[in-house]
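One structure is given here, and the rest of the page talks about it.
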Amino acid sequence: MRPNRVKHKLARGEAATVVTGEMTSDLVEVFGSLGFDGVWIEGEHGPIDFGDIGEFTRAADLWGMTSVARVNLNLPGVIYRTLDQGAQAIVVPHVNTAEEAYAVVEATKFAPVGARGSYTSRQGIDVDDYFTTANDETMAIILIEDIVAINNLDEILKVDHIDVFFVARTDLAQSMGFVGQPAHPEVDAIVDRAIEQIVAAGRVPGTIVTSATVAEYVEKGVGFLNVNYTPWLMSGAEGFLQNFAASV
Numbered sequence: 000m001r002p003n004r005v006k007h008k009l010a011r012g013e014a015a016t017v018v019t020g021e022m023t024s025d026l027v028e029v030f031g032s033l034g035f036d037g038v039w040i041e042g043e044h045g046p047i048d049f050g051d052i053g054e055f056t057r058a059a060d061l062w063g064m065t066s067v068a069r070v071n072l073n074l075p076g077v078i079y080r081t082l083d084q085g086a087q088a089i090v091v092p093h094v095n096t097a098e099e100a101y102a103v104v105e106a107t108k109f110a111p112v113g114a115r116g117s118y119t120s121r122q123g124i125d126v127d128d129y130f131t132t133a134n135d136e137t138m139a140i141i142l143i144e145d146i147v148a149i150n151n152l153d154e155i156l157k158v159d160h161i162d163v164f165f166v167a168r169t170d171l172a173q174s175m176g177f178v179g180q181p182a183h184p185e186v187d188a189i190v191d192r193a194i195e196q197i198v199a200a201g202r203v204p205g206t207i208v209t210s211a212t213v214a215e216y217v218e219k220g221v222g223f224l225n226v227n228y229t230p231w232l233m234s235g236a237e238g239f240l241q242n243f244a245a246s247v
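In numbering that gives the first Met the number 0, the protein residues as written are 0 to 247.
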């Protein structure tokens with residue numbers, strides 16, 4: 000089984016970078032060559048289905064990157080089937096209560112920790128004591144993206160075997176009444192408060208960052224740093240077109 004690079008970095012108290020965007024398996028390899036710790040496989044929004052996940056996770060394995068797959072439902076079959084396709088980390092959206100967080104752990108971990116369906120995924124080929132090793136190497140990540148989850152955060156943080164509590168500001172803004180305003184000052188305040196609360200509980204916070212904000216969030220104690228490559232693509236393309244226009 001491949002070591003889970005992101006999980007091990009977080010366990011050492013180090014921050015980890017995970018790149019996201021409209022991804023293909025070829026792009027996974029491109030970003031792997033640049034040194035990112037993990038790649039986000041988007042299974043909640045977009046066209047990726049179970050049959051696609053294996054190609055993404057194999058590409059990530061080639062570069063020692065952690066394959067982080069977001070699923071669309073907090074259901075056991077959805078979660079462990081994604082892991083069976085080689086994903087090393089599961090991201091579950093809209094986890095609003097401790098009970099829902101426990102359900103994520105139950106589906107992600109084999110007994111005695113959880114109740115993941117017993118099956119040896121591609122990651123388990125020729126691995127002794129696969130079920131124990133899989134528990135050690137897989138990650139459970141939950142999205143704190145509704146104001147109800149913020150209100151329940153004390154209880155959610157008590158759930159063991161959740162590796163990252165990811166504060167997702169866009170949906171959070173919507174749940175606060177600020178649709179399309181993820182940078183609203185009240186949203187900023189709630190995000191910062193949640194991150195402080197997660198750090199104070201001795202747990203690992205995650206959030207979306209940019210080139211401009213990454214240092215700020217590292218300083219705040221965020222360990223799981225998710226960055227979207229799309230702004231870099233657009234900035235580079237715009238710069239090229241501006242240079243082209245100036246040359247003709």
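Each residue gets a CB set at the ideal place from its N, CA and C atoms; glycine is no exception.
- Contact between Gln87 and Thr137 holds, with the beta-carbon distance rounding to 6 Å and staying under 8 Å.
- Residue pairing for Glu41: DSSP places it in a beta bridge opposite Arg69.
- Of all C-beta pairs linking the stretch 137-146 to the stretch 171-191, three or more are shorter than 8 Å, placing the two stretches in contact.
- Between the alpha carbons of Asp83 and Thr119 lies a gap of roughly 7 Å.
- Remark: fewer than three beta-carbon pairs, one from each stretch, lie closer than 8 Å, so the stretch 20-27 and the stretch 1-8 are not flagged as touching.
- Bridge partners of Phe30 according to DSSP: none are assigned.
- Nearest neighbour of Gln122 by Cα position, chosen from Ile52, Arg69, Pro184 and Phe165, turns out to be Ile52.
- Per DSSP, the continuous beta strand (DSSP E) segment holding Pro204 begins and ends at Pro204 to Val208.
- Between Thr209 and Asn151, the C-beta spacing is not below 8 Å.
- If you keep only unbroken beta strand (DSSP E) runs of at least 3 residues inside the stretch 56-113, you get 65-69 and 88-91.
- DSSP links Met138 through a beta bridge to Ala88.
- DSSP places Asn225 in the uninterrupted beta strand (DSSP E) bounded by Phe223 to Asn227.
- Distance from the CA atom of Phe55 to the CA atom of Val90, rounded to whole angstroms, is 15 Å.
- For Ala15, the uninterrupted beta strand (DSSP E) segment begins and ends at Ala15 to Thr19.
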